[in-house]
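Have a look at the structure below, then the notes.
Residue numbers (the numbering used here): 10 to 89.
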């Protein structure tokens with residue numbers, strides 16, 4: 010089991026109940042993290058997009074995570 014610290018922004022903060030959270034998963038990839046988060050917080054599935062950034066870079070599903078990584082949930086944004 011691996012535990013990661015996550016920063017949630019925008020609506021994802023409301024879904025998780027806090028800006029800073031910890032999540033424990035069996036795997037160690039962004040894909041495993043996304044699967045665990047959507048299982049625990051099914052509201053995330055309703056977002057039109059959800060990016061996961063690792064150390065200030067958007068990460069693909071195969072990215073391997075370490076406990077030292079800074080992980081952020083980036084929901085859809087709008088502007089004008």
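No residue lacks a Cβ here, since even glycine has one placed at the ideal position from N, Cα and C.
### Task
Tell me residue 14's beta-bridge partners as DSSP assigns them.
The residue you call residue 14 lines up with position 5 of the chain shown. Looking at the DSSP assignment, residue 14 forms a beta bridge with 31.
### Task
Using the DSSP secondary-structure output, state which residues sit across from residue 66 in a beta bridge.
Translated into positions along the chain shown, residue 66 becomes position 57. In DSSP, residue 66 forms a bridge with 63.
### Query
Over what stretch of residues does the alpha helix (DSSP H) that includes residue 48 continue unbroken?
Locating residue 48 in the chain shown gives position 39, counting from the first residue. Unbroken alpha helix (DSSP H) run through residue 48: 39–49.
### Query
residue 56 by DSSP, collapsed to three states: which one?
Working through the chain shown from its first residue, we reach residue 56 at position 47. The answer is coil: DSSP assigns residue 56 none of H, G, I, E or B.
### Task
Measure the alpha-carbon distance for residue 28 versus residue 82 and round it to whole angstroms.
As a working note, residue 28 is residue 19 in the chain shown. As a working note, residue 82 is residue 73 in the chain shown. Each residue's alpha carbon lies about 10 angstroms from the other.
### Message
Please report the straight-line C-alpha distance between residue 40 and residue 17, rounded to a whole angstrom.
### Response
As a position in the chain shown, residue 40 is number 31, starting the count at 1. As a position in the chain shown, residue 17 is number 8, starting the count at 1. If I take the Cα positions, the gap works out to 17 angstroms.
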